[in-house]
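A short write-up of the structure that comes next.
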Amino acid sequence: MPSGCRSGKLAARCQTGCVTQPPRTTTDAAPARRGRPGYDPQQILAAAVELFIAHGYDATSVAAVAERLGLTKSALYHHYESKEHLLRVALDEALGGLEGVLSESGAREGSAGERLEYVLRGAVRVLVDRLPYVTLLLRVRGNSEVERQALERRRAFDHRITDLLRDAQAEGTVRIDVDPSVATRLVFGMVNSIVEWYRPTGPEGAGELADDVLRIALDGLRTR
126 MPSGCRSGKL AARCQTGCVT QPPRTTTDAA PARRGRPGYD PQQILAAAVE
176 LFIAHGYDAT SVAAVAERLG LTKSALYHHY ESKEHLLRVA LDEALGGLEG
226 VLSESGAREG SAGERLEYVL RGAVRVLVDR LPYVTLLLRV RGNSEVERQA
276 LERRRAFDHR ITDLLRDAQA EGTVRIDVDP SVATRLVFGM VNSIVEWYRP
326 TGPEGAGELA DDVLRIALDG LRTR
């Protein structure tokens, strides 16, 4: 046997007769690190929102959110300083999306009727894309300062829609025998009801759903 060659179960001969070691198998690798799985802030927020919807915000504790994720409370506090912080960020996901629609060019350009249609379509899109967060928004009752601030922002959004309806009436694209405030409540009553029955795995996506809403809502508001 040439010098430097070894025999044994792990030895292998090359063509020159030299012995080489076979590649390391997975059993040779360094042992995997053990510990709790990591969660980013968005995953923690999603779990908290799920619990807030299922059990109510007031009845859900930080300990319950931590337990759902298999984390300690101190690990959760690393990302969110309190339960109120979780609620504020969650509600901002919904409200920020709705307010963002109003700042898009389609909501600011064109006739009032075209802008109204764009905003309603955008509201449906936000509802579908951020379904858990909008669901939570629609269930707050103003029991805390965070909730009262969210409701104020929601009322401001509704007032913008009412103003759009009023402008559409003035230009003649929306009938004038319907009070704009009442029309806003009726239209968004229908839009908001989507959270009770819509399932993302269903046959309709956001675009098709928006078409259905606009067909029913605006056909009844347009002038004949």
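To convert a position in the sequence shown, counted from 1, into this note's numbering, add 125.
From the three backbone atoms N, C-alpha and C, an ideal C-beta is built for every residue, glycine too.
Predicted, not measured: the structure shown is a model, and the values here were computed from it.
In the DSSP output, what is residue i paired with across the bridge?
i	result
Arg347	Val299
For a quick check, are the C-beta atoms of residue i and residue j less than 8 angstroms apart?
i	j	result
Leu339	Glu242	yes
Thr197	Ala191	yes
Ser236	Thr309	no
Val303	Leu245	no
Leu261	Leu201	no
Ile178	His204	no
Leu220	Arg278	yes
Leu212	Val271	yes
Val82	Ala331	Shown here, the chain extends from 126 to 349; a query on residue 82 therefore has no answer.
Arg291	Thr348	no
Output the distance between the C-alpha atoms of residue i and residue j, rounded to the nearest integer angstrom.
i	j	result
Ser230	Pro257	26 angstroms
Val249	Val316	7 angstroms
Ala171	Glu321	18 angstroms
Ala295	Gly225	25 angstroms
His284	Arg324	29 angstroms
Leu176	Thr185	7 angstroms
Ala173	His210	11 angstroms
Gly222	Val251	6 angstroms
Ala293	Arg280	20 angstroms
Thr326	Arg255	14 angstroms
Ile341	Leu276	27 angstroms
Ala232	Arg240	5 angstroms
Val187	His180	13 angstroms
Ser207	Gly238	43 angstroms
Asp165	Tyr182	21 angstroms
Arg266	Glu218	18 angstroms
Gly247	Leu194	33 angstroms
Pro305	Gln167	38 angstroms
With DSSP as the reference, label residue i as helix, strand or coil.
i	result
Glu270	helix
Ala184	coil
Val226	helix
Asp304	coil
Arg264	coil
Leu196	coil
Arg324	coil
Asp292	helix
Gly314	helix
Tyr164	coil
His284	helix
Please find out if some non-hydrogen atom of the ligand COA comes closer than 7 angstroms to the beta-carbon of residue i.
i	result
Leu211	The model on display carries no ligand, and the ligand COA is accordingly not part of it.
Fill in: Length-filtered (4 minimum) alpha helix (DSSP H) runs lying within the stretch 230-265
DSSP runs (the alpha helix (DSSP H)) wholly in the stretch 230-265: 237-254, 256-262.
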